[in-house]
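> In the order they appear, the protein sequences are chains A and B. FYI, my numbering numbers position 53 of the first sequence as 53, with every residue one higher than the one before it. Numbering-wise, my numbering comes out as the position in the second sequence, counting from 1, plus 1000. Glycine is no exception: its CB is placed at the ideal position from the N, C-alpha and C atoms. Model, not experiment: these values are computed from the prediction.
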Amino acid sequence: MSYLIPRSKLAQFILLVVVFLTLCFAIEPSETNVLWRFPALFAGLPGAINGFAENLMYEWFPVEVYDPDLEEYETSALVRELTRGFSRSILFCIELIRDILLGGVKTIVAFTSWDFVDEHEWAVWPALPWTVVSGASIVMGYALRGTGLALLTALATAYIAIFGQWEPAMETLSFVLIAAPVSCLLGMGLGTAAYKSVTTETILKPLLNVAQTMPHFSYLIPVMVFFGVGDHAGAIATIIFATPPMIRLTLLGLKRVPAEVVEAGSMNGCTNRQMLYKVLIPTARRDILIGTNQVIMQCLAMAVIASFIGAKGLGFNLLLALNQLRIGQALELGICIVLIAVVLDKLSLAWANRQTDYFPDESFFRRHQYRVMFLAVFGLCLLLSFLGNLVFSGGINYFYLIPHNQGITTEPFWQSGVDWMVENWYHGLQAFNNRLILDVLMPMKTAFLGMPVSATFVLIMGIGFIIGGLRSAVIVGGFLLFIAFTEWWDRALITAYMTSFAVIVSAIFGLVIGSLCAQTSLASRAILIVCDTLQTFPSFIYLIPVIMLFGVTDTSVLLAVIVYATIPAIRYTVEGLRSVPATLQDAASMSGVNRMQRWVKIEMPLAFPHIMLGLNQTVVFALFMVIIGAMIGTEDLGQYILKALSDKNGIGNGLVLGLCVAFIGLAVDHLIHTWADQKKAVLGM
Amino acid sequence: MKKLTRNIAVAMSLSLTAVSSPAMAADSSKPIVIPTHNWSSQVVMAYVIGGIFESMGNNVEYVPADTQAVYEAIRNGDVTISHEVWQSTFGASFYNAMQKGGIIDAGTHAAMTLEEMGVPQYVIDDNLCPGLPKWEALANCPEVFATADSGGKGRWLEGPQSWHGNQMPERLAGLGLDDKYMVKFAGSADALWAELESAKKDRRGVITFNWTPNFTDAEGFVFIEFPEYFDGCRVGDGGNGACGSPKGWLKKAANYKFPKTHPAAYTAFSKISFTSTDIGQMAALVDIEKMSHQDAAKKWLSAHEDVWKPFTE
Chain A
1 MSYLIPRSKL AQFILLVVVF LTLCFAIEPS ETNVLWRFPA LFAGLPGAIN GFAENLMYEW
61 FPVEVYDPDL EEYETSALVR ELTRGFSRSI LFCIELIRDI LLGGVKTIVA FTSWDFVDEH
121 EWAVWPALPW TVVSGASIVM GYALRGTGLA LLTALATAYI AIFGQWEPAM ETLSFVLIAA
181 PVSCLLGMGL GTAAYKSVTT ETILKPLLNV AQTMPHFSYL IPVMVFFGVG DHAGAIATII
241 FATPPMIRLT LLGLKRVPAE VVEAGSMNGC TNRQMLYKVL IPTARRDILI GTNQVIMQCL
301 AMAVIASFIG AKGLGFNLLL ALNQLRIGQA LELGICIVLI AVVLDKLSLA WANRQTDYFP
361 DESFFRRHQY RVMFLAVFGL CLLLSFLGNL VFSGGINYFY LIPHNQGITT EPFWQSGVDW
421 MVENWYHGLQ AFNNRLILDV LMPMKTAFLG MPVSATFVLI MGIGFIIGGL RSAVIVGGFL
481 LFIAFTEWWD RALITAYMTS FAVIVSAIFG LVIGSLCAQT SLASRAILIV CDTLQTFPSF
541 IYLIPVIMLF GVTDTSVLLA VIVYATIPAI RYTVEGLRSV PATLQDAASM SGVNRMQRWV
601 KIEMPLAFPH IMLGLNQTVV FALFMVIIGA MIGTEDLGQY ILKALSDKNG IGNGLVLGLC
661 VAFIGLAVDH LIHTWADQKK AVLGM
Chain B
1001 MKKLTRNIAV AMSLSLTAVS SPAMAADSSK PIVIPTHNWS SQVVMAYVIG GIFESMGNNV
1061 EYVPADTQAV YEAIRNGDVT ISHEVWQSTF GASFYNAMQK GGIIDAGTHA AMTLEEMGVP
1121 QYVIDDNLCP GLPKWEALAN CPEVFATADS GGKGRWLEGP QSWHGNQMPE RLAGLGLDDK
1181 YMVKFAGSAD ALWAELESAK KDRRGVITFN WTPNFTDAEG FVFIEFPEYF DGCRVGDGGN
1241 GACGSPKGWL KKAANYKFPK THPAAYTAFS KISFTSTDIG QMAALVDIEK MSHQDAAKKW
1301 LSAHEDVWKP FTE
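1) For P244 of chain A, which residues of its own chain have a beta-carbon under 7 angstroms away from its beta-carbon, when the five flanking residues on both sides are left out?
2) Please go through the same chain and pick out, in chain order, the residues whose beta-carbon is closer than 6 angstroms to the beta-carbon of C1163 of chain B, but skip the five residues on each side of it.
3) Note the first and the last residue of the continuous beta strand (DSSP E) segment covering L1172 of chain B.
4) Taking C-beta pairs closer than 9 angstroms, name the residues in chain B that F308 of chain A reaches, listed in chain order.
5) For M631 of chain A, decide whether its Cβ has a neighbour in chain B, counting only Cβ atoms nearer than 7 angstroms.
6) In this structure, does DSSP put R273 of chain A in helix, strand or coil?
7) Less than 8 angstroms between C-beta atoms, sequence neighbours within five positions excluded: which residues of the same chain meet that for V295 of chain A?
8) Does L683 of chain A come out as helix, strand or coil in the three-state DSSP assignment?
9) Does any C-beta atom of chain B lie closer than 7 angstroms to the C-beta of T495 of chain A?
10) Any heavy atom of the ligand FAD closer than 6 angstroms to the CB of N405 of chain A?
11) Looking at the structure shown, is G658 of chain A part of a helix, part of a strand, or coil, going by DSSP?
12) So, does the segment 1265–1280 of chain B touch the segment 1108–1118 of chain B, judging by three or more C-beta pairs under 8 angstroms?
13) Quick one: what's F1209 of chain B bridged to in DSSP?
14) Give the interface partners of Q165 of chain A over in chain B, defined as CB-CB distance under 9 angstroms, in chain order.
15) Using beta carbons (cut-off 7 angstroms, strictly below), is W114 of chain A in contact with chain B?
16) Please state the DSSP three-state secondary structure of L666 of chain A.
17) Specify, as a first and last residue, the run of the beta strand (DSSP E) that W1086 of chain B falls within.
18) What are the residues of the segment 1156–1179 of chain B that lie near chain A, defined by any Cβ-Cβ distance shorter than 7 angstroms?
19) Using a Cβ-Cβ cut-off of 7 angstroms, state whether E1195 of chain B counts as contacting chain A.
20) Could you check if F663 of chain A is buried or exposed, using at least 16 other CB atoms within 10 Å of its CB as the buried criterion?
21) Relative to the C-alpha of A644 of chain A, which residue among A:L655, A:L559 and A:I672 is closest?
22) To be precise: take each residue of the segment 410–434 of chain A, compare its Cβ to all Cβ atoms of chain B, and keep it if any distance is under 8 angstroms. Which residues remain?
23) Go through its chain and collect everything with a Cβ distance to T283 of chain A's Cβ below 6 angstroms, but skip five positions before and after it.
24) Here's a check: name, in chain order, each residue in its chain whose Cβ is nearer than 7 angstroms to the Cβ of H670 of chain A, leaving out the five neighbours to either side.
25) Among the residues of its own chain, which have a CB less than 7 angstroms from the CB of A1297 of chain B, if the five just before and after it don't count?
26) Quick check: what's the CA-CA separation for I651 of chain A versus L102 of chain A?
27) State yes or no: is the C-beta of A961 of chain B within less than 7 angstroms of the C-beta of V552 of chain A?
28) Does DSSP put V1063 of chain B in a helix, in a strand, or in coil?
29) Could one say the Cβ of S1013 of chain B lies closer than 7 angstroms to chain A's Cβ atoms, at least one of them?
30) Mapping the DSSP letters down to three states, classify W1308 of chain B as helix, strand or coil.
31) When you compare only the Cα positions, how much space is there between V372 of chain A and A150 of chain A?
32) Three-state secondary structure (DSSP) at A518 of chain A?
33) Give me whichever residues DSSP pairs with A1146 of chain B in a beta bridge.
34) Please list the residues of the segment 1260–1292 of chain B that have a C-beta atom closer than 9 angstroms to any C-beta atom in chain A, keeping them in chain order.
35) Any Cβ of chain A within less than 7 angstroms of the Cβ of W1039 of chain B?
36) Of all the alpha helix (DSSP H) runs that stay within the bounds of the segment 296–382 of chain A, which reach a length of 4 or more residues?
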């Protein structure tokens, strides 16, 4: 057998393509031909999952629950009561923070009852004026990091308040302030557990893989059925999405702790506990902090999607604005989300990085300066907002809260910008749009759909074999087999076609822009900030302008996908190129290379493994955005995931479709990772 | 186990009644949860109905929810009511939830709805396709409605497939128009509005799915006149699909416990019946006068006491 396989990788690859093409032409497309399409053996799977979930939720282990309103007993299920109890406790925490920031009665109700609140007019928690909240956060920024952070916080809070978005912003903040810490703690806990026990790690790994590649829409329905709708459901969906990177980075950080450090800890007689808290976690701090940063970014990236299942705040208002085609307003809301993300991220970083001064010998005032400052600002701002009552007439106290419709807005500017774009560019773009659709997209889609399933398997498993041997071939084949056995293989092919196109274009853009920006350190830093911003900026906003310019077509979807998926391609290119060691650069300069040679012969080869990991991220981002692109109108898996929201078998359909998307992502992920690891080993990295 | 939980529950309920002891048959003070979706008239009406409940002394809470998923939430008791159940878009989700139990039909609004394919007013005014809105006219001008990806045919931009499945492609086939027209499914209502807005800019022909009452009524939208609907004309009911949409209902739905926990509020809710004019007014306050949804609801409530007061009596 082995003499049939050529030695060189190139020859192997050519042989593979020849076999693939032969199969494509040889196999007859017909419904009954097993080589053309596999039978849908897993067609019953969604129904089974659904049945299981509903049984768990409504029938298994019935308990009698007293309903004080109806004054009678009802039969409920144990799991349902447990999950609802959990929901209530999360909701309580969110509402506590919300009452502090915005005022309300929910917390008081939690300790008394609605009747009590109805009877006593005074039983209302007053809202903190926006001046107080922003004053307090500015002091916090100053205390943690100094003037720079204080200024950033001031600008961000002022922007939010002046643009009249204070209320929704605080609503979003209140659920992020629960979701983010829970995700961090959960992530650190599970990460540590995985570090300590190999079994836990083996169990967690595949779960993490799936959780990070599964589109968010597919677990909205399960979350809603198990936990209900509301801010708590939004928070739980966010936690599911934001915890995996934290687990991964905690585990990575702990694994990187040098053995010498651990030994030093043991020699000093650390207990298990001390070892963890005093030695391991502080040493692994850098990676854990990157994890925290990721958690905060992910939490705010979920702000819009969480509003599909009841999270109030900026995300919901953004969807509302988009439905009215008020792009300017949506943009302002999107910027609020980015600002909250940036401020929270910087504050948490500064908090984690703060230094303890072990030899303080200071006066009372020096020691407590920040507390004093905090109290002073608190009091001053409170006073200011009271004075506001006297200054402003018309019932609106601008120092207390700037209502939504009283804030300034740049909406007319953006709106006229969009109108101008559509009026002036539409016709010019139509020619491009027609060519692209007729000459590129349609043929590509037909080609993808015209692949017999057996040929696809040969191609993908063959690539797996060439890259990583038999093991990779089997793994990748396994992922595909699952999709092939569902009834959605054709849908998956369309998803694959859109993702492939978007990834190719994004990768080219990413490489070019990334390489150009990596030339100077200033440009690199600037582009990385742009990447950070765009990553948190809600991608939903792109959907409307692209439809206006390109209609409800695949072009629109792909354009939105490309904008989003180029971000990681740029980021990893810049990071990869910037991390080429200076000594190698010097050696190259001594050999007299020119700029182009340096890029082609030195920088690119060395940065390539890192850039490939960026490509991996590009694939995941593209898959996510293709699914969101279903809101424009596609025929792929995403459309079916959206449809699952109203299906009878919603839970099962959503999850199985989500798994299909996840498995496409994981197959690519496996191939790229295996390849990059080999390359890294060759380069000695 | 059962006995133990029962005992705990009894103890808890005793302690609860000791504190609050609600009078029989009065509405519970627990908040009524009203869902808000992503279009103006629905959100304003949510605040209007909330305002009506509050005027009766009830507590109200609003929660954003997905338009399709909300029925599952009502069934589970996480949301109490839904006040805009559109026949053709949400009928399937509503009845699916009803089949599983837990959701009840709380009456119908006076507003008759129509959900149908149509064209913006200027398509008629500019005479882009002579003979519209009669459907027969479509046969003569597919090229007016062609797009890059429609393969030379005219395009019908239909709502997401989850709204009415394959009804529109089946209708095209039934009418014998399928060699001249194709159906493209948009992914969301937003996509429909964006396409209409973009088409308006250079007054190009476009056929989209739309409904009335809707904010597009203000700028003018003309529904195509298809052969009249009759029972059994759709493919699913054994016909050939060659008929238009029926005049649809706009229903209200509620969790099954709502009549028991809030009898007075439920009675009012079941009486609530808004007309197309009412709904149009509510939407216009936001879409045209650019008020916030809450302010719009307050303004509407204070201006139209004669409409809603009778519901509460």
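In short, the structure shows the following:
1) For the purposes of this step, residue 244 of chain A is identified with residue 244 of the first sequence, where counting begins at 1. Closer than 7 angstroms at Cβ, skipping near neighbours: L208, A211 and Q212.
2) Against the second sequence, residue 1163 of chain B aligns to sequence position 163. First, the amino acid is wrong: residue 1163 of chain B is Trp here, not Cys. Excluding residues within five positions, the ones whose Cβ falls inside 6 angstroms are T1089.
3) Walking along the second sequence from the start, residue 1172 of chain B turns up at place 172. If you look at L1172 of chain B, you'll find it isn't in any beta strand (DSSP E); it sits in the alpha helix (DSSP H) that goes Q1167 to L1175.
4) Taking the first residue of the first sequence as position 1, residue 308 of chain A is located at position 308. Those within 9 angstroms of F308 of chain A in chain B are P1064, A1065, D1066 and A1069.
5) The count along the first sequence starts at 1 and reaches residue 631 of chain A at position 631. Yes, M631 of chain A lies at the interface with chain B (some Cβ there is under 7 angstroms from its Cβ).
6) In the first sequence, residue 273 of chain A corresponds to position 273, counting from 1. Helix.
7) Counting from one through the first sequence, the residue named residue 295 of chain A turns up at place 295. So the qualifying residues of the chain are A180, S183, C184, G187, A242, T243, P245 and M246.
8) Counting from one through the first sequence, the residue named residue 683 of chain A turns up at place 683. If DSSP states are grouped into helix, strand and coil, L683 of chain A belongs with the helices.
9) Within the first sequence, numbered from 1, the residue matching residue 495 of chain A stands at position 495. By this cut-off, T495 of chain A is not an interface position.
10) Only the bare structure without any ligand can be found here, which leaves the ligand FAD out of the picture.
11) Position 658 of the first sequence, counted from the start, is the residue given in the question as residue 658 of chain A. In the structure shown, G658 of chain A sits in a helix (DSSP, three-state: H, G or I).
12) Here the segment 1265–1280 of chain B makes contact with the segment 1108–1118 of chain B; the two share three or more CB pairs at distances below 8 angstroms.
13) The residue given as residue 1209 of chain B occupies position 209 in the second sequence. Note: F1209 of chain B sits in a beta bridge opposite B:M1117.
14) Residue 165 of chain A sits at position 165 when you count from the first residue of the first sequence. Under the 9 angstroms cutoff, chain B gives no residues; its nearest Cβ is about 12 angstroms from Q165 of chain A.
15) Within the first sequence, numbered from 1, the residue matching residue 114 of chain A stands at position 114. Flagged as an interface residue toward chain B: W114 of chain A, by a C-beta distance shorter than 7 angstroms.
16) On the first sequence, residue 666 of chain A is found 666 positions in, with the first residue counted as 1. The answer is helix: DSSP assigns L666 of chain A an H, G or I state.
17) Against the second sequence, residue 1086 of chain B aligns to sequence position 86. Per DSSP, W1086 of chain B belongs to the beta strand (DSSP E) from I1081 to W1086.
18) The segment 1156–1179 of chain B vs chain A, Cβ under 7 angstroms: L1157, P1160, Q1161 and S1162.
19) On the second sequence, position 195 is the one that residue 1195 of chain B refers to. For E1195 of chain B, at least one C-beta of chain A is nearer than 7 angstroms to its own C-beta.
20) What you label residue 663 of chain A is simply residue 663 of the first sequence in a count that begins at 1. By the 10 Å Cβ count, F663 of chain A comes out buried.
21) Locating residue 644 of chain A in the first sequence gives position 644, where the first residue counts as 1. A644 of chain A has its Cα closest to that of A:L655, out of A:L655, A:L559 and A:I672.
22) Cβ proximity to chain B below 8 angstroms picks out D419, V422, E423, Y426, H427, Q430, N433 and N434 from the segment 410–434 of chain A.
23) Here residue 283 of chain A refers to the residue found at position 283 when the first sequence is read from its first residue. Counting only Cβ-Cβ distances below 6 angstroms, and skipping sequence neighbours, we find V257 and V261.
24) Working through the first sequence from its first residue, we reach residue 670 of chain A at position 670. For H670 of chain A, where only same-chain residues beyond five positions count, the Cβ hits under 7 angstroms are S472, I475 and V476.
25) For the purposes of this step, residue 1297 of chain B is taken as the residue at position 297 of the second sequence. Same-chain partners within the cutoff: V1044, Y1047, V1048 and G1051.
26) In the first sequence, the residue the question calls residue 651 of chain A occupies position 651. In the first sequence, the residue the question calls residue 102 of chain A occupies position 102. Each residue's alpha carbon lies about 35 angstroms from the other.
27) The shown model of chain B, from 1001 to 1313, leaves out residue 961 of chain B, and the question about it has no answer.
28) Walking along the second sequence from the start, residue 1063 of chain B turns up at place 63. Under the three-state reduction of DSSP, V1063 of chain B is assigned to strand.
29) Within the second sequence, the letter at position 13 stands for residue 1013 of chain B. Model confidence at S1013 of chain B stands at a pLDDT of 46, short of 50, so the residue's coordinates are unreliable; what they give is reported in the following sentence. Chain A contact via Cβ: present.
30) Along the second sequence, read from residue 1 onward, the residue named residue 1308 of chain B stands at position 308. If DSSP states are grouped into helix, strand and coil, W1308 of chain B belongs with the helices.
31) For the purposes of this step, residue 372 of chain A is identified with residue 372 of the first sequence, where counting begins at 1. For the purposes of this step, residue 150 of chain A is identified with residue 150 of the first sequence, where counting begins at 1. Rounded to the nearest whole angstrom, the C-alpha separation of V372 of chain A and A150 of chain A is 16 angstroms.
32) Numbered from 1 along the first sequence, position 518 holds the residue referred to as residue 518 of chain A. The answer is coil: DSSP assigns A518 of chain A none of H, G, I, E or B.
33) To locate residue 1146 of chain B, count along the second sequence from 1; it is residue 146. A1146 of chain B pairs with B:G1154.
34) Against chain A - using a Cβ distance shorter than 9 angstroms - the residues of the segment 1260–1292 of chain B are K1260, T1261, H1262, V1286, D1287, K1290, M1291 and S1292.
35) Counting from one through the second sequence, the residue named residue 1039 of chain B turns up at place 39. Yes, W1039 of chain B lies at the interface with chain A (some Cβ there is under 7 angstroms from its Cβ).
36) Segments of the alpha helix (DSSP H) lying fully in the segment 296–382 of chain A: 303–306, 314–323, 327–353 and 364–367.
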